[in-house]
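Chemist:
Protein chains in written order, with this note's numbering: chain R, 166 to 229; chain U, 91 to 404.
1. Kindly list, in the order they appear in chain U, the residues whose Cβ is closer than 7 Å to that of residue 207 of chain R.
2. What separation, rounded to the nearest whole angstrom, lies between the Cα atoms of residue 324 of chain U and residue 225 of chain U?
3. Expressed to the nearest angstrom, what Euclidean distance is found between the alpha-carbon atoms of residue 403 of chain U and residue 197 of chain U?
4. Look at the alpha carbon of residue 174 of chain R and the alpha carbon of residue 392 of chain U, and state the distance between them as a whole number of angstroms.
5. When burial is assigned at 16 or more other CB atoms within 10 Å of the CB, is residue 247 of chain U buried or exposed?
6. Relative to the alpha-carbon of residue 347 of chain U, which residue among U:187, U:316, U:107, U:132 has its alpha-carbon at the smallest distance?
7. Taking the C-alpha atoms as reference points, what is the distance between residue 201 of chain R and residue 152 of chain U?
8. Just list the residues that DSSP pairs residue 169 of chain R with in beta bridges.
9. Straight-line CA distance for residue 272 of chain U to residue 235 of chain U?
10. Does the distance from the CB of residue 187 of chain U to the CB of residue 147 of chain U come in under 8 Å?
11. In the structure shown, what three-state DSSP assignment does residue 128 of chain U receive?
12. From which residue to which residue does the beta strand (DSSP E) around residue 354 of chain U run?
13. Who are the near neighbours of residue 330 of chain U in its chain, counting only those whose CB is closer than 6 Å to its CB and skipping five residues on each side?
14. Please compile the residues from chain R whose C-beta is within a distance smaller than 9 Å of the C-beta of residue 375 of chain U.
15. Where does residue 245 of chain U fall in DSSP's three states?
16. Should residue 218 of chain R be flagged as near chain U, meaning a C-beta pair shorter than 8 Å?
17. What is the residue span of the alpha helix (DSSP H) that residue 317 of chain U lies within?
18. Where does residue 310 of chain U sit, in a helix, a strand or coil, going by DSSP?
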């Protein structure tokens, strides 16, 4: 279903089941800086998501 | 799904520094316990009945208000009063204020909003003229207004939503700037100077990692404003934050070790002796120099912009 970063859809998607830690690494994001929701449920970096899942990446620190 | 280390629920967070998984309930319990313990251990509300809570509408301050409200709601001797500062950043602060107002209404907490336009100069006006580092102006004006508002509201203390990440970043920045007095001033409870005109600041979240606060706020369905300040990209804090986060990822526990170093140093740093507080010649607010930083900045802005200034000078 796609990946949202703070509500904005990213161009990048996933083609197969992927561990959240690997997804964050491919996006060059530190796990320290985000919380991830898969289908509206908060998950850890050890969980996985597939192409049909809705992935929300929420930046922890927005500055300001 | 990965399971919680303490029950059979699904985990929502992995704490790399403790190597434990937390479900929403156990993360909430831990966060609330930490905040309660910080408040007790550092005497943050001891002999204080009117407690102000500075809220921006972001996750830290709203989570702090939520937890303090839960911890103190049965205590009739204490009252929480929320304060929001409108820095005059169109398209950014408006949304935060909306969240702050709605949240206070839900919890039944008295809420006051004070604006830069009344006591300083709106940030958008300052930045139109490109006056250097926006965070310096914003920080000085915000602290000045918060102190003045706290006195006006007869607050005994003002809670600020600084979390573990903020403490680690501020500590690192002050080392790099060779500012030992600023390190000494940034304490969990009160500050460097014991002066009646300064309302003591308390930092109940100072040992809670930022990431855990976001997970806590999301789990507890706190509606917070999550957007980047349009001027934040210019801040020195950004590269410091990136550096500390990369260290934390490689060496879990880095932020807590920085906090412990800072707390140990606090005891050894110079204290208030020799620092005399009088009134600023311009505004009458407490200051250690003739003209306080806020009035110095306002004078500079007035010179540079031919007359911009606050509506209420005093």
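Quick reminder that beta carbons are idealized off the backbone N, C-alpha and C, glycines included. This structure is a prediction, so every number in the text was calculated from the model and none was measured.
Modeler: Reading off the structure:
1. 102, 305, 308, 309
2. 8 Å
3. Only weak support exists for where residue 403 of chain U lies, its pLDDT of 43 falling under 50; the value from the coordinates is given anyway. Distance between the alpha carbons of residue 403 of chain U and residue 197 of chain U is about 33 Å.
4. 43 Å
5. buried
6. U:107
7. 20 Å
8. R:174, R:221
9. 19 Å
10. yes
11. helix
12. Premise fails: residue 354 of chain U lies in the alpha helix (DSSP H), 344-358, not in any beta strand (DSSP E).
13. 259, 262, 263
14. None at all; the shortest Cβ gap to chain R is about 25 Å.
15. coil
16. no
17. First-last for residue 317 of chain U: undefined, no H or E at that position.
18. coil
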